[in-house]
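Chains as they are written, first to last, in the working numbering: chain Y, 1 to 272; chain C, 273 to 544; chain G, 545 to 816; chain S, 817 to 1088.
Number of protein chains: 4
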Amino acid sequence: MKEKISLRERVHEVIFEADTPSGKLFDVVLFWLIIISVLAVILESVKAYDRQFHLFFKYTEWIVTVVFTIEYFLRIYSIKKPVKYIFSFYGIIDLLSILPAYLSLIFSGTHTLAIIRVLRLFRIFRVFKITRYLSEGSYLKKALMDSRRKIFIFVVGVGLLVIVLGAVMYLIEGGQDSGFVNIPVSIYWAIVTLTTVGYGDISPTTPLGQFVASVIMLIGYGIIAVPTGIVTAELAKHGTLNTNTQSCSNCNFSDHADDAKFCKRCGESLNL
Amino acid sequence: MKEKISLRERVHEVIFEADTPSGKLFDVVLFWLIIISVLAVILESVKAYDRQFHLFFKYTEWIVTVVFTIEYFLRIYSIKKPVKYIFSFYGIIDLLSILPAYLSLIFSGTHTLAIIRVLRLFRIFRVFKITRYLSEGSYLKKALMDSRRKIFIFVVGVGLLVIVLGAVMYLIEGGQDSGFVNIPVSIYWAIVTLTTVGYGDISPTTPLGQFVASVIMLIGYGIIAVPTGIVTAELAKHGTLNTNTQSCSNCNFSDHADDAKFCKRCGESLNL
Amino acid sequence: MKEKISLRERVHEVIFEADTPSGKLFDVVLFWLIIISVLAVILESVKAYDRQFHLFFKYTEWIVTVVFTIEYFLRIYSIKKPVKYIFSFYGIIDLLSILPAYLSLIFSGTHTLAIIRVLRLFRIFRVFKITRYLSEGSYLKKALMDSRRKIFIFVVGVGLLVIVLGAVMYLIEGGQDSGFVNIPVSIYWAIVTLTTVGYGDISPTTPLGQFVASVIMLIGYGIIAVPTGIVTAELAKHGTLNTNTQSCSNCNFSDHADDAKFCKRCGESLNL
Amino acid sequence: MKEKISLRERVHEVIFEADTPSGKLFDVVLFWLIIISVLAVILESVKAYDRQFHLFFKYTEWIVTVVFTIEYFLRIYSIKKPVKYIFSFYGIIDLLSILPAYLSLIFSGTHTLAIIRVLRLFRIFRVFKITRYLSEGSYLKKALMDSRRKIFIFVVGVGLLVIVLGAVMYLIEGGQDSGFVNIPVSIYWAIVTLTTVGYGDISPTTPLGQFVASVIMLIGYGIIAVPTGIVTAELAKHGTLNTNTQSCSNCNFSDHADDAKFCKRCGESLNL
């Protein structure tokens, strides 16, 4: 008894799923289209290439944009809750992938923004049967999500710190023609220093400025421990808690290792 | 039976608490005053803006300072232990927020220090109902406090190390016109290198100097593990203790390990 | 009854093992040959030395290459599964150690690549009775292997991020003659910034560019926590498993948790 | 009954111990002598100060050196095992603290090396009743000692890596006048890049060189996780194992928290 599948359902299967041959083919084509169009945007920015292949880059750009536009509307057409898709993370990325090209008809230069379509690759990865990779990815995402509040407080704290440190350095080095021309630039310098990036485009020249800079560096060197500690503690917790969901039928103890066959508390055999 | 509330108590409620409408309003106004006055100080330092809006910045500064001064004295007036407040962390910040403006009447330029009032934001955060954030923050603070002795020893060790390394580099590179003009500057360079900031304003030019610099870099790259390890181990320890929500029915003690069957304080059996 | 050992077996014993006097001698000679030839390649690149000792460097190079070539074929001759050796990690290193010298007969300059033979030292280390070091090394390798999927996802994520960030900075700073001449260079700059290396050969000069750069630095400062967290959690897991030395008297399984009372493999009670 | 104490024993008490008033006084005097002499060496290197206070610096130097020399011989005289002291860590530091001044009579400039006496501060710290700090310090030292083999392997691996990477970059950038003048300098650059220091005194200018540099940066950004992971895992292990040594008299369970009064396994009261 053959079930009838509507056109909408078939489109959905091809576009959103990857377990039918046509769905897989669609994803592979999409993957290469993204790679090609991103490469085109990158290489177009190199003057030597742009002079030689200008038309080729332009055609590639527009062909990809048209294909992505059709795909975008097919996605909206075929999905049951189009509004939810449109405002989802991937829905926004999909829209941002096509907008820059159209905007470039009005404002020149904006088509470079089309490079954001490189983020679409995240969704396409599943074609390559890397579900294990995806589960690892969602594991990382969960650990980051769970520690987002601690990280937010840390970032706010660092933000307030660099404002104060930037103003202090502006007072110390301000009149010395050493690059600390105003407080925003000094704050920029404080961030460059605290994160241990250290370009050297601006650097203190007075003894007092160098002393304060040293203190900022040591602070930055020390507090990098904080986000690391947060994420590590979170990952370590998940690593221990998530690995096993077995529960002993006798004593109900549930903190078993992955290779446990018997309850380590009462010796009861575990259902594997 | 209506309880009579003295003026002092009412002022206290408005200024120190945030659970009445007027208390909340007070905090919101304070929050925006701080933001505006900090922005004024930052933008005033940019010459282009200062030329155009000089008077506006000056008036903003003085209005905010007068409001903060009144608030500071109201805080002292309304609190039961004014001395304890004055010498508390927030009391000092509150005072430092108003002093620079008055000092600028005597010494020019000091009003830039008023930027320290950005630290007042820490207290105002509670308005936005982020108590969960605050508890996470105090969790971070506790972990940092508990490991402060280890971090202090680490900082002292690093301090002695950079003094020796700076002197060694001064001996090696000193006469080469390569920026290592004296030991304080060489110590500054050693800190820049050890913390992996690496401005490049001073860098070794002799083969021996580059060799020693390489060793310093590898040391710095290695010992960054130490503060990270300290904070992480501390966070992981706390992280474990906090997960359990059991509470002893006898003595109400609640800081139990996950696999505890009996209260570790009074020996009462725990309901699992 | 003396067992007859074929020439092939004796060669194998000398070349591949280090528990006979001749095998040990072979490894020590090989160790010094590698050190000498690597030093020759390094010092030859310094013009002052090359002018003085050119012939000496050339002879050293060719003597070592001939010895290594003979050794390479003796390894293939004496081993039972030559194909497996040829395509193993060390087999490829051994081949790459001799190829550059022969290639330099055709293409000048390639003999510098012979420096890759420094990697052969990894195998020679066992001569110095540092088996404990090797077991620690394999412990590190295992932890890195177990977390390779997480690290791969992290690297892919960082890769996509720097592409987008590089393009954004190219748009912001592109026309300012500040070094962001095209997107590939901007991506290079984004990597330099995100990894907190910060050469300063290219650095933003516009306020907006400095703001975006600050955001990139803070991201880089924050996400360095991720690989650290991954490796630490993995090492901590292994570290925990190794601390317990209990062994089941029934099934001899020995990888028990610290608080285990019964063998998790067979249910036998453990002697605590 | 008064015990007779020999002069040697009394000298030992004053010099090596800090629990008698005279012993404490000795340590405090020593502490300030070290601080003063180190400051003298540092400030003498600053030309402006040296011109003004040259004689003062010279006298300070020699007075401190003579006092330290007397102290060094008193230590040797009063201790029971002088040879063991002489070759101990502190014995070597004590000797190195006085040698540079005497050497400066023969070779000029060496007296700057006297700055190494700043390391003597480590021993003097105990005066300030910071035994808790010292126990924390020895805890850190133990964790570093236990992971020294892993760290050694890591450093050797990084060392071989930078040699290969330096040679590769020399081949790519060598002829471009971009600073990669020879392999030693390229290895120096590779270390500067891998450790994320990034001076910028040498930086790649060819597209291929920038690509390889990007790869090196990402490797450096990733493998910093390894030493961090090693130290953290070690600290976490000690942190858990060392905290408490109580053992239940009833069930012999010994993994108790520091504030436990009753066994969490069987409810037995613990001997505190």
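All C-beta atoms in this analysis are idealised placements derived from N, C-alpha and C, irrespective of residue type, glycine included. Computed from a predicted structure; not experimentally measured.
Cross-chain neighbours of residue i in chain S, by beta carbon under 8 Å
i: T776/G; result: A1041, T1044, G1045, T1048, A1049
i: V608/G; result: Within 8 Å Cβ-Cβ: nothing; V608/G doesn't reach chain S, min ~16 Å.
Span separating the alpha-carbon of residue i from that of residue j
i: L74/Y; j: V67/Y; result: 11 Å
i: V736/G; j: G200/Y; result: 13 Å
i: G710/G; j: V729/G; result: 8 Å
i: V827/S; j: K896/S; result: 12 Å
i: A687/G; j: G773/G; result: 12 Å
i: I36/Y; j: F122/Y; result: 16 Å
i: G764/G; j: I335/C; result: 40 Å
i: V430/C; j: T749/G; result: 34 Å
i: T504/C; j: L551/G; result: 57 Å
i: L99/Y; j: V434/C; result: 53 Å
i: H54/Y; j: E71/Y; result: 26 Å
i: V997/S; j: D594/G; result: 13 Å
i: L33/Y; j: V41/Y; result: 12 Å
i: T292/C; j: I387/C; result: 29 Å
i: V572/G; j: I559/G; result: 11 Å
i: I908/S; j: I902/S; result: 6 Å
i: L39/Y; j: S722/G; result: 23 Å
i: I922/S; j: K685/G; result: 52 Å
i: S203/Y; j: L194/Y; result: 13 Å
N- and C-terminal bounds of the alpha helix (DSSP H) containing residue i
i: H284/C; result: 279–288
i: R117/Y; result: Taken as a continuous stretch (DSSP letters only), R117/Y belongs to no alpha helix (DSSP H), as it is neither H nor E.
i: F26/Y; result: 21–44
Classification of residue i by the beta-carbon crowding that lies within 10 angstroms, buried from 16 upward
i: L779/G; result: buried
i: T876/S; result: buried
i: M689/G; result: exposed
i: T1012/S; result: buried
i: H655/G; result: buried
i: K150/Y; result: buried
i: Y986/S; result: buried
i: G766/G; result: buried
i: Y102/Y; result: exposed
i: I697/G; result: buried
i: R1094/S; result: Lying before the first or after the last residue shown, residue 1094/S is absent from chain S, which here runs from 817 to 1088.
i: Y893/S; result: exposed
i: P275/Y; result: Chain Y is shown only over 1 to 272; residue 275/Y falls outside these bounds and no answer can be derived.
i: V770/G; result: buried
i: L569/G; result: exposed
i: T243/Y; result: Any reading at T243/Y must be qualified, since the residue scores a pLDDT of 39, below 50, and its modelled position is unreliable; no value is offered.
Cross-chain neighbours of residue i in chain Y, by beta carbon under 7 Å
i: D473/C; result: G200, S203
i: V708/G; result: I115, I116, V118, L119
Residues that residue i contacts on chain Y, provided the C-beta gap is smaller than 8 Å
i: M761/G; result: I191, V192, T195, V197
Contact set between residue i and chain G, taken where Cβ atoms lie within less than 9 Å
i: L976/S; result: V662, L663, L665, F666
i: P1023/S; result: P728, V729, Y732
Neighbour list for residue i in chain C, Cβ cutoff strictly below 9 Å
i: V1124/S; result: What the structure shows of chain S is the stretch from 817 to 1088, and residue 1124/S is not part of that stretch, so it cannot be assessed.
Interface partners of residue i on chain C, CB under 7 Å
i: A236/Y; result: A508
i: G907/S; result: Going along chain C, no residue has its Cβ under 7 Å from G907/S, so there is no contact; the nearest lies around 18 Å.
i: Y170/Y; result: S317, T384
i: A143/Y; result: Those within 7 Å of A143/Y in chain C number zero; the least Cβ separation is about 12 Å.
Neighbour list for residue i in chain C, Cβ cutoff strictly below 8 Å
i: I86/Y; result: What I86/Y touches in chain C: nothing, since even the nearest Cβ is about 30 Å away.
Residues that residue i contacts on chain Y, provided the C-beta gap is smaller than 9 Å
i: I727/G; result: V41, I42, L43, E44, S45, V46, T112, I115
Closer than 8 Å at the beta carbon, the chain G residues around residue i
i: Y188/Y; result: Q754, F755, A757, S758
i: G109/Y; result: L715
Jot down the residue ranges of each uninterrupted alpha helix (DSSP H) in the region 432–489 of chain C, minimum 4 residues, whole runs only, in chain order. 455–466
Could you pull out every unbroken alpha helix (DSSP H) segment of at least 4 residues lying fully inside the region 325–370 of chain C, listed in chain order? With a minimum length of 4 residues, the continuous alpha helix (DSSP H) runs that stay inside the region 325–370 of chain C are 354–358.
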